[in-house]
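Novice:
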Ligand SMILES: [Zn+2]
Ligand SMILES: [Zn+2]
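Residue numbers (the working numbering): -2 to 551.
What follows is the structure, encoded as structure tokens:
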């Protein structure tokens, strides 16, 4: 391999947004570049993208550079870091590296999806050091809200990079070791060129509380409960799962797992040793037989997902699990922005049934897995990088992280966005752009976010559609009554006129107003009718529907 003269960084996702992480590191000499990817995640689509399940990074650039891609390293098993692997790996087919829990959770997920590809993952021990092409990578264990989160020290001939991944400082994380301070301090001694770091909580002062603090609250709440208790949390938070199990055991209760995702994580956590010493959980069928003060239901659905266990319980639609007046539901979770309404609906449904609802507004039943400002400052003091690049955040988080890094003594802060190509050495700075866009997972298909599909769908949802069919002879004579259909449009105007009638009259009037030669041109008829129908409806509604006109010539 030729001697590299440039070290590059290019985020294809996760910068300017929280989700869809995909970072590239490059070593190059002139036109030849070798790339290593870190993480391949998804974002969850909100109500503004009707019918779309997931958002994925568009990896067109990487597909073109496939021959130069030496590997993909996964930092941890959160969906925003590894959720796109099943859909996108077949387009890359590069070696994938991950620690045991991440690999096992991926395998369990893959087996749950009928057409998922077999992705050969190279499983690495925690803390290991290995080569990915010309990059030497060392895993640094960090505390987070899932087992085995890793920061990466990436050593290259042009300097060392710390890619923090998702991390926090938690002296008592319940599961796994605390963040490896010794290794990070040693990197500071060795010399760190650039720190590419988590900005999620860069606007929050102080330190985030520990998982162990949450465990104490859960223990008190469950010990004091009289009736049944249900706890909902992110399925992948095994430390929380363990805390709930220990709190239940201390109160003489058994844990029933409700929801597929929760059962899957439980199985993987047992396989990988993270629930050692915890009694087996009961399956959902046992719920009905256990006395009310002897059960804790551990449920999926903390984000208000309508098909998840908790939503069905709140609507009294769950086949096995019911709650009633005097029972308690603990939301051991944070509501992700965009999900407030869905979560609110569930809470209201529970409260109406007389169920006590506990959230993190009043009790310490959840902590974030990301560092607050004092923790970030501490990391900068240990590592002392020459360059800081804030990632994993929206614009505000990135800007605040940048200011914090400067205040911590970092000489150069590079603020960037998805698709920016930065040179880390020599002469750090923005040098170019690479193609970066989004894909939507729409049913079984991946579609480009730039096509009109979802925008059309949103328009249809906003203002409906009028469909007109006209049968004309070659001479332009109308051979049958026009067929007019309205979908998603009010039936009557304010003055009680039929909207169908308004559209129908607009079709006839327009046709009749066209000079005879024009009636022989189907396209001219289509255009004129479309414009007239939309205008006629809009004059009564103040909204313009989509209009589809078909002229059939016989
Ligand atoms: Zn994470
Ligand atoms: Zn993340």
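Note that the Cβ used here is the ideal one computed from N, Cα and C, for glycine as well.
(1) Decide if residue 300 is buried, meaning its Cβ has at least 16 other Cβ atoms within 10 Å, or exposed.
(2) Tell me whether residue 78 counts as near ligand 2, meaning its Cβ is closer than 7 Å to at least one heavy atom of that ligand.
(3) Could you check whether the Cβ of residue 415 sits closer than 7 Å to any heavy atom belonging to ligand 2?
(4) Are at least three pairs of beta-carbons, each pair with one atom in the region 203 to 218 and one in the region 168 to 188, less than 8 Å apart?
(5) Taking the runs of the beta strand (DSSP E) that are 3 residues or longer, which of them lie wholly in the region 245 to 293?
(6) Compute the minimum distance between the beta carbon of residue 167 and the heavy atoms of ligand 1, and state whether it is under 7 Å.
(7) If you run the structure through DSSP and keep just helix, strand and coil, what is residue 420?
(8) Grouping DSSP H, G and I as helix and E and B as strand, with all else coil, what is residue 375?
(9) Output the distance between the C-alpha atoms of residue 478 and residue 9, rounded to the nearest integer angstrom.
(10) Which of the three DSSP states, helix, strand or coil, is assigned to residue 126?
(11) What residues sit near ligand 1, counting only those whose C-beta is closer than 5 Å to one of its heavy atoms, in chain order?
(12) In chain order, which continuous runs of the alpha helix (DSSP H) of length 4 or greater are located wholly inside the region 207 to 241?
(13) Between the region 24 to 44 and the region 455 to 475, can you find at least three pairs of beta-carbon atoms closer than 8 Å?
(14) What separation, rounded to the nearest whole angstrom, lies between the Cα atoms of residue 378 and residue 226?
(15) Taking buried to mean at least 16 other C-beta atoms within 10 Å of its own C-beta, is residue 24 buried or exposed?
(16) Have a look at 421, 482, 251 and flag the residue whose alpha-carbon is nearest the alpha-carbon of residue 1.
(17) Any heavy atom of ligand 2 closer than 7 Å to the Cβ of residue 389?
(18) With a floor of 3 residues, list each beta strand (DSSP E) that falls wholly inside the region 364 to 411, ordered by position along the chain.
(19) Hey, is residue 18 close to ligand 2, as in C-beta under 7 Å from one of its heavy atoms?
(20) Taking the alpha carbon of residue 399 as the reference point, which residue from 373, 515, 470, 43 has its own alpha carbon closest?
(21) Roughly how many angstroms lie between the CA atoms of residue 11 and residue 38, to the nearest whole one?
(22) Can you tell me whether DSSP reads residue 496 as helix, strand or coil?
(23) Helix, strand or coil for residue 3 per DSSP?
(24) Between residue 466 and residue 485, what straight-line distance do the alpha-carbon atoms span, to the nearest angstrom?
(25) Using only the alpha-carbon positions, how far apart do residue 431 and residue 103 sit?
(26) With H, G and I counted as helix, E and B as strand and the rest as coil, what does DSSP make of residue 336?
(27) Ordered along the chain, which non-local residues of its own chain (more than five positions away) have a Cβ less than 6 Å from that of residue 545?
(28) Quick check on residue 320: does DSSP put it in helix, strand or coil?
(29) Of the choices 180, 492, 118, whose alpha-carbon is the least far from that of residue 79?
(30) Determine the direct distance from the alpha carbon of residue 127 to that of residue 279, and round the result to whole angstroms.
(31) Taking 8 Å as the threshold (C-beta atoms), are residue 202 and residue 64 in contact?
(32) What is the residue span of the beta strand (DSSP E) that residue 545 lies within?
(33) Just curious, the beta strand (DSSP E) that residue 25 is in, first and last residue?
(34) What's the C-alpha gap between residue 552 and residue 146?
(35) Using a threshold of 8 Å, state whether the C-beta atoms of residue 385 and residue 410 are closer than that.
Specialist: So, to answer that:
(1) Burial call: buried.
(2) Result yes, Cβ under 7 Å from ligand 2.
(3) No, Cβ of residue 415 sits at least 7 Å from all heavy atoms of ligand 2.
(4) A contact between stretches requires three or more CB pairs, one per stretch, nearer than 8 Å, and the region 203 to 218 meets this requirement with the region 168 to 188.
(5) Counting only runs of 3 or more, we get 251 to 255.
(6) At a threshold of 7 Å, residue 167 does not count as near ligand 1, since its beta carbon sits no closer than that to any of the ligand's heavy atoms.
(7) Looking at residue 420 - three-state DSSP - the assignment turns out to be strand.
(8) Residue 375: helix per DSSP, three-state reduction.
(9) Going by the C-alpha atoms only, they are around 55 Å apart.
(10) If DSSP states are grouped into helix, strand and coil, residue 126 belongs with the strands.
(11) Near ligand 1, meaning a Cβ closer than 5 Å to any of its heavy atoms, lie the following residues in chain order: 75, 163.
(12) Here the runs fully enclosed are 208 to 221.
(13) Too few Cβ pairs lie closer than 8 Å, so no.
(14) Here the alpha carbon of residue 378 sits roughly 44 Å from the alpha carbon of residue 226.
(15) It counts as buried.
(16) From the listed residues 421, 482, 251, the smallest Cα separation to residue 1 is found for 421.
(17) Yes, Cβ of residue 389 sits closer than 7 Å to a heavy atom of ligand 2.
(18) For the region 364 to 411, the full-length beta strand (DSSP E) segments reaching 3 residues or more read 384 to 388 along the chain.
(19) Under cutoff, so the answer is yes.
(20) Residue 373 is the option with its Cα nearest to residue 399.
(21) Each residue's alpha carbon lies about 9 Å from the other.
(22) Residue 496 sits in a helix when the DSSP states are folded into three classes.
(23) In this structure, DSSP gives residue 3 an extended state, which the three-state scheme calls strand.
(24) One Cα belongs to residue 466, the other to residue 485, and the distance between them is close to 18 Å.
(25) The alpha-carbon atoms of residue 431 and residue 103 are separated by roughly 29 Å.
(26) Note: residue 336 maps to coil in three-state DSSP.
(27) So the qualifying residues of the chain are 464.
(28) Coil.
(29) From the listed residues 180, 492, 118, the smallest Cα separation to residue 79 is found for 118.
(30) The alpha-carbon atoms of residue 279 and residue 127 are separated by roughly 41 Å.
(31) No, these two residues do not count as a Cβ contact at 8 Å.
(32) For residue 545, the enclosing beta strand (DSSP E) begins and ends at 543 to 550.
(33) Run containing residue 25: 19 to 26, per the beta strand (DSSP E) assignment.
(34) With the chain covering only -2 through 551, there is no way to say anything about residue 552.
(35) Going by C-beta atoms, residue 385 is nearer than 8 Å to residue 410.
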